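The structure appears right after this line, and notes come after that.
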Amino acid sequence: MRIKAVNTTGIIFVLLISLGLTPLGGEEPAPDNQPTEQSAPEAAETAEQEQPPEGQESSGSVWSLLVKGGYTMIGLLLISTIIAAFALERYFFFRRNKLYTKGYYDRIRAALDSGGLDALAKEIQDDDLFLSRILRDGLRRRSHGRQDVEKAIETSATVEIGKLERGLNLLSNLGNLAPLLGFFGTVVGMRTSFLQFVEKAAPTARDLAVGVEEALITTATGLFIAMPTYLIYNLFIYNIDSVSIELEKCTAAVLTAVEDEKG
C-alpha cells in the first residue's frame, strides 16, 4: 500500500509539472509588431490631449480631495480642527501639572524612612509636582489623625484628577463621530452615483465614478481622523492611570506613617 501511494504521488507530481511546462513549450513567438511612427501633427495632437487642462488641480491635492468629498468634508474638517485644538490644550495642561511619576514613590519612601512625616513635609514643601500638591493637602491634617488625612487626600485627588479628565469624553465622542460622519458621506456619494441612472439612460463609468470617489474620500477621511484620536485619548488616560496608581502607593505609605506617629 505504501509503494502504491508513493507511485501515485509521483505520477501526480509529473503530471503537474507537465501541465505547467506545456504552455511554456507551446507558446508561439509573439509577432514583432513595430509601432507605427506618428506624423508630427498627430504627435502634437496626442500630446495636447494627454496634458491636463490649464488650471485643473492635481487629483491628489488636499483642496481637490476636500472639493471631491462634498459637503460632508466640511463637517469632518470642523471635527478634526476641534480635536487638534483640544488635544493640544490637554497636552499643555498635563505638562503644566507636571505628572511625573518615575521614582516618586521611592523618593517619598526614602523621606519617610529617614525622618518620618516631618522629613516628608520638608521634602515636598516647595515641590510643584501634581502628586506633591495632593500629599501636602493631606499632611496639613496630620494632627487630626489618619481618617482626616485620608479624607483630605481623597478630596484633593478627586478635584485634581477631575481637572485632568475634563473634556476627555468630548475627545472620545468626536473620535467616534468622525467615522460615522464619513459613512454618512459614503451614503451621499452612492446616492449621487445612483441618481445618474435617473438623469441618464445609460450613464458611463466616469459619471458613476464621481459619487463613488466622494464615498471613498469621506470614508477614508473619517477613519483617518478617528485613528490618531483614539491613540491620543488613550495616551491621556494612560497618564491619568499612572499618576493614580502612584498616588495610591504614596497615600498608603503616608497613612501608615501617620498611624505610627500617633501610636
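What the sequence shown shows, in the working numbering, is residues 4 to 266, in sequence order.
Don't be surprised by glycine CBs; every beta carbon is placed ideally from N, CA and C.
Keep in mind that this is a model prediction, so the values were computed, not measured.
Exercise for the section: Can you say whether Met230 is buried or exposed, counting buried as having 16 or more other CB atoms within 10 angstroms of its CB? Expected result: Residue numbering aside, residue 230 sits at position 227 when the sequence shown is read from its first letter. With fewer than 16 other Cβ atoms within 10 Å, it is exposed.
Problem - Stretch pair the region 244-257 + the region 200-219: three plus CB contacts closer than 8 Å - result: no
Exercise for the section: Use the C-beta contact count for Arg209: other C-beta atoms within 10 angstroms, 16 or more gives buried, fewer gives exposed. Expected result: Taking the first residue of the sequence shown as position 1, residue 209 is located at position 206. It is exposed - the Cβ of Arg209 has fewer than 16 other Cβ atoms within 10 Å.
Problem - Residue interval of the alpha helix (DSSP H) (run including Ala205) - result: Numbered from 1 along the sequence shown, position 202 holds the residue referred to as residue 205. Taken as a continuous stretch (DSSP letters only), Ala205 belongs to no alpha helix (DSSP H), as it is neither H nor E.
Practice task
Starting from the C-beta of Glu264, find all residues in its chain whose C-beta is less than 7 Å away, skip the five residues before and the five after it, and write them out in chain order.
Solution key: Counting from 1 along the sequence shown, the entry for residue 264 is found at position 261. Counting only Cβ-Cβ distances below 7 Å, and skipping sequence neighbours, we find Gly119, Leu120.
Problem - Tyr74 to Thr104 span [Cα, whole Å] - result: Here residue 74 is taken as the residue at index 71 of the sequence shown, counted from 1. Here residue 104 is taken as the residue at index 101 of the sequence shown, counted from 1. When rounded, the distance between both Cα atoms is 46 Å.
Exercise for the section: Consult DSSP for Tyr74 and reduce its assignment to one of helix, strand or coil. Expected result: Numbered from 1 along the sequence shown, position 71 holds the residue referred to as residue 74. Reduced to three states, the DSSP call for Tyr74 is coil.
Handout entry: Gly165 classed as buried or exposed, judged by whether at least 16 other C-beta atoms fall within 10 angstroms
Key = For the purposes of this step, residue 165 is taken as the residue at position 162 of the sequence shown. Exposed: under 16 other Cβ atoms inside 10 Å.
Problem - Reduced DSSP secondary structure (H/G/I, E/B, other) of Lys101 - result: The count along the sequence shown starts at 1 and reaches residue 101 at position 98. It is coil, neither helix nor strand.
Problem - DSSP three-state assignment for Gln128, whether helix, strand or coil - result: The residue you call residue 128 lines up with position 125 of the sequence shown. Looking at Gln128 - three-state DSSP - the assignment turns out to be coil, as it is neither helix nor strand.
Exercise for the section: Check whether the Cβ atoms of Thr287 and Gly72 lie closer than 9 Å to each other. Expected result: This structure leaves residue 287 out entirely; the chain is present only between 4 and 266.
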